[in-house]
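Asks: Before anything else, here's the structure in question.
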Amino acid sequence: MQDTTITLDGTTESEPAIRQVDTVVFDLGGVLLNWNPRYLYRSIFADEAKMEWFLSEVTHHDWNVAQDAGRTWDEAVAEAIARHPDWEREIRAYRERWHEMIPDAIEGTVAILERLHAGGVPLYAITNFAADTFMEARDRFPFLQRFRDVVVSAAERVLKPDPRIYRILAERNALDLARCVFIDDVEKNVAGARAVGMEAIHFVGPEDLETRLRALGVLAD
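Quick note on this note's numbering: the sequence shown kicks off at 5 and runs consecutively.
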């Protein structure tokens, strides 16, 4: 949408309209939660190269994403053990010691979340997360209770950046996506949010996020 400005010589020119953003939507892992499987597996593998092989070939990205899409952990573990039976102990650790992959929160972002909450800004989340581990994380990190609603990919069986996951949030909560800003550390998820009409911020750190939210007028000084 554009506004029209009349210039001194009587001609007109178009300027981008100022977007009115009043709702903030967070991703969780990599934005609020400091998640990385290496936090766990460095305590299991003495050899860094062997650990990286395991994470890329055994419990690889697509294997983990299948849980975010709704596959159960029992199914996931059984599938991985069938492929690599010699690594059963290490595979089982992925679920049994999952909390060690999140040693802490990203405190700078949590502080921003709390300021937004204190200021009365409506807060929501959209996350690619397995259903049961999300519930465990919510119990462990009280700040996750600040959200009015969280769309969890495994529960909906749809992953970011599919447009449907953003629309689920909007439809379930009667939100105007054009008035929402979405924050994610993954570029394709940011692009997905923009494609459905949301303002979106690629998260690179709390300081940059604070600057951008201030510029949008949703975070007070």
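Note that beta-carbon positions come from the ideal geometry of N, C-alpha and C, so glycine has one too. If you're wondering where the values come from, they're calculated on a predicted model, not measured in any experiment.
Between which two residues does the alpha helix (DSSP H) containing Glu56 stretch?
Replies: 52-61 is the span of the alpha helix (DSSP H), which, as asked, contains Glu56.
Asks: If you measure between the beta carbons of Ile187 and Ile169, is that distance less than 9 Å?
Replies: Not in contact: Ile187 and Ile169 (Cβ atoms no closer than 9 Å).
Asks: Could you pull the start and end residues of the alpha helix (DSSP H) that Ile116 belongs to?
Replies: Ile116 -> alpha helix (DSSP H) spans 111-122.
Asks: Inspect the CB distances between the region 123-137 and the region 70-78 and report whether three or more fall short of 8 Å.
Replies: The region 123-137, when compared against the region 70-78, does touch it at the 8 Å Cβ threshold.
Asks: Alpha carbon to alpha carbon, how far is Ala195 from Pro165?
Replies: Approximately 8 Å between the Cα atoms of the pair.
Asks: Please name the residue, chosen from Val35, Arg198, Asn38, Val185, that lies closest to Gln24 on a Cα-to-Cα basis.
Replies: The option with the nearest alpha carbon to Gln24 is Val185.
Asks: With distance defined between alpha-carbon atoms, name the residue in Leu179, Ser47, Asp136 nearest to Thr27.
Replies: The shortest Cα separation from Thr27 among Leu179, Ser47, Asp136 belongs to Leu179.
Asks: Within 10 angstroms of its Cβ, does Asp143 collect 16 or more other Cβ (buried), or is it exposed?
Replies: Classification of Asp143: exposed, given that the 10 Å Cβ count is below 16.
Asks: How long is the line joining the alpha carbons of Ile95 and Val62, rounded to whole angstroms?
Replies: So the alpha carbons of these two residues sit roughly 8 Å apart.
Asks: Just to check my reading of the structure: Ala182 and Gly201 have Cβ atoms closer than 8 Å, yes? What is that Cβ distance to the nearest angstrom?
Replies: Indeed, because the Cβ distance is near 5 Å, the residues count as touching under 8 Å.
Asks: Is Val155 buried or exposed, if buried means 16 or more other CB atoms sit within 10 Å of its CB?
Replies: Label assigned to Val155: buried.
Asks: Would you list the one or two residues that DSSP bridges to Leu37?
Replies: Note: Leu37 sits in a beta bridge opposite Gly33, Ala109.
Asks: Suppose you measure from the CA of Arg152 to the CA of Lys54; what does that come to, to the nearest Å?
Replies: When rounded, the distance between both Cα atoms is 42 Å.
Asks: Are Phe147 and Glu118 close, meaning C-beta to C-beta below 9 Å?
Replies: In this structure, Glu118 lies closer than 9 Å to Phe147 by Cβ.
Asks: Report the rounded CA-to-CA distance for Met105 versus Pro126, giving the unit in angstroms.
Replies: Distance between the alpha carbons of Met105 and Pro126: 29 Å.
Asks: Asp188 lies in the beta strand (DSSP E); which residues open and close that run?
Replies: Element bounds for Asp188: 184-188.
Asks: List in chain order: all unbroken beta strand (DSSP E) runs of 3+ residues lying wholly within the region 130-170.
Replies: For the region 130-170, whole beta strand (DSSP E) runs of length 3 or above, ordered along the chain, are 153-156.
Asks: Which of the three DSSP states, helix, strand or coil, is assigned to Ile172?
Replies: In this structure, Ile172 counts as helix in the three-state DSSP scheme.
Asks: So if DSSP puts Leu127 in a beta bridge, which residue, or which two residues, is it bridged to?
Replies: DSSP, once it has assigned bridges, lists Val28 as partnering Leu127.
Asks: So, is Asp225 buried or exposed, given that buried needs 16 or more other C-beta atoms within 10 angstroms?
Replies: Classification of Asp225: exposed, given that the 10 Å Cβ count is below 16.
Asks: Do Trp102 and Leu44 have their beta-carbon atoms positioned less than 9 Å apart in this structure?
Replies: Against a cut-off of 9 Å, the Cβ pair of Trp102 and Leu44 comes out as a contact.
Asks: Name the DSSP bridge partner or partners of Glu92?
Replies: None, per the DSSP bridge assignment.
Asks: Measuring alpha carbon to alpha carbon, tell me which of Thr137, Trp91, Glu214, Arg176 ends up nearest Leu37.
Replies: Comparing Cα-Cα distances from Leu37 to each of Thr137, Trp91, Glu214, Arg176, the minimum goes to Thr137.
Asks: Can you give the Cα-Cα distance for Ala109 and Ala141, rounded to whole angstroms?
Replies: Cα to Cα, Ala109 sits roughly 11 Å from Ala141.
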